[in-house]
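Residue numbers (full-length UniProt numbering): 1 to 434.
Just so you know, even glycine gets a beta-carbon here, dropped at the ideal spot from N, CA and C.
Since the structure comes first, as structure tokens, the remarks are kept for the end.
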């Protein structure tokens with residue numbers, strides 16, 4: 001029996017040819033998936049066997065069989081990975097090496113109408129760093145980037161370590177590691193001042209960059225208030241809008257199947273999904289459908305599923321959910337534990353709004369996790385179909401909010417769903433900043 005484990009070397013061929021590197025230590029060009037790897041994936045799609053569903057079981061909770069059928073039909077009949085690579089190449093792509101020897105990959109688009117001529121579309125605006133989340137990759141920004149470069153901004157969209165072509169760390173994974181990688185990349189590109197945009201995990205990574213490097217961040221633009229901040233609030237200090245949001249987030253956390261799986265059994269979940277292309281696409285597509293008010297195109301769903309499969313990063317992309325290890329200590333999460341920091345039943349419940357000594361509360365004076373406030377100018381562009389829309393008073397607790405907009409349409413994957421709205425809000429926020 002031959003068992004193939006994911007590895008970095010067999011997954012790609014040589015870099016595509018490209019212009020000169022933008023800085024020492026940086027290689028411009030996109031790694032291309034090997035032909036035999038694509039052929040293998042096409043064979044897997046062609047031989048997919050979907051589960052049988054009895055009529056009486058068709059109304060079971062969760063997405064129906066039609067989701068997998070729709071994605072399978074599109075992947076088999078229409079999807080072309082080489083077309084995705086061509087889109088990335090047209091924007092520009094680079095790789096570099098981190099201080100500890102890992103490969104870091106990023107889409108890198110100049111603020112120019114034509115990369116071959118260098119003709120500028122506008123006076124140079126502040127460079128923008130875009131940070132994606134899960135379950136996606138820099139492909140989240142394929143429709144957004146051209147709008148930003150057309151407005152005169154150079155754009156850098158790196159892959160979080162463990163996604164796309166960015167190597168995961170051998171040691172522990174954290175948002176701070178990603179933040180430091182991305183700041184070092186911007187510095188290597190010659191940018192001592194830049195703006196940061198993010199959503200989902202990207203919002204948390206962007207927050208860390210702004211906390212740790214406020215002198216470099218011109219402005220912070222987020223499509224989510226990082227969701228973990230909901231667990232740092234003393235409920236006694238919260239207003240009605242905040243309480244409603246906290247209730248919604250707690251309910252979501254208790255019911256979200258993907259969150260439970262990625263957090264408590266990531267190796268098991270990844271084993272199932274890495275070996276089933278349509279299973280992975282359905283897992284992702286269900287989230288895309290649930291957190292948007294318009295169905296996101298199957299092309300986007302499959303592109304992000306393929307990006308994880310073809311780079312063997314299904315498991316590594318989940319690491320932020322279960323690491324750093326101390327953040328997910330079983331005794332801290334279990335309602336059965338006597339010292340259950342996360343339990344509202346515990347007398348010493350550090351995470352409970354009922355605790356007088358709430359070490360995990362943002363109100364704590366000492367001894368626990370009170371997030372460092374972000375002092376750089378911050379804008380929020382929130383979308384109503386997201387899994388939760390935080391009120392401004394909650395954002396004001398942690399950020400120097402200068403702009404707060406709830407858009408009329410769109411959801412969690414805003415850069416995919418509403419790229420024009422995101423670009424317009426971001427460009428307007430950055431106008432005049434340097």
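It is roughly 26 Å from the alpha-carbon of residue 271 to the alpha-carbon of residue 82. Taking all protein chains shown into account, residue 101 has fewer than 16 neighbouring C-beta atoms within 10 Å of its C-beta and is therefore exposed. Burial of residue 306 is indicated by the presence of at least 16 other C-beta atoms within 10 angstroms of its C-beta.
Beta-carbon to beta-carbon, residue 106 and residue 157 are separated by about 6 Å, close enough to satisfy the 8 Å threshold.
Between residue 193 and residue 155, the gap from beta carbon to beta carbon reaches 8 Å or more.
Counting along the chain, residue 400 sits inside the beta strand (DSSP E) bounded by residues 399–406. Following the DSSP letters along the chain, one finds residue 412 in no alpha helix (DSSP H), marked with neither H nor E. In the structure shown, residue 128 falls within a strand segment according to DSSP collapsed to helix, strand and coil. For residue 70, the enclosing alpha helix (DSSP H) starts and ends at 65–77. Boundaries for residue 284: no beta strand (DSSP E) harbours it, while the alpha helix (DSSP H) harbouring it runs 277–290, taken from the DSSP string. For residue 429, DSSP records no beta bridge to any residue. Here the segment 377–385 lies against the segment 413–422, with 3 or more beta-carbon pairs under 8 Å apart. Scanning the segment 158–199 from its first residue to its last, the whole alpha helix (DSSP H) runs of 4-plus residues come out as 175–188. The Cβ-Cβ distance between residue 211 and residue 372 falls below 8 Å. In the structure shown, residue 109 adopts extended strand secondary structure according to DSSP, grouped into three states.
Distance from the Cα of residue 222 is smallest, within the candidate group 29, 27, 412, for 412.
Contact check between the segment 184–191 and the segment 138–153: fewer than three CB pairs, one atom from each, fall below 8 Å, which does not count as touching.
Boundaries cannot be given for residue 324, as no beta strand (DSSP E) includes it and DSSP labels it neither H nor E.
Straight-line measurement puts the Cα of residue 124 at about 42 Å from the Cα of residue 253.
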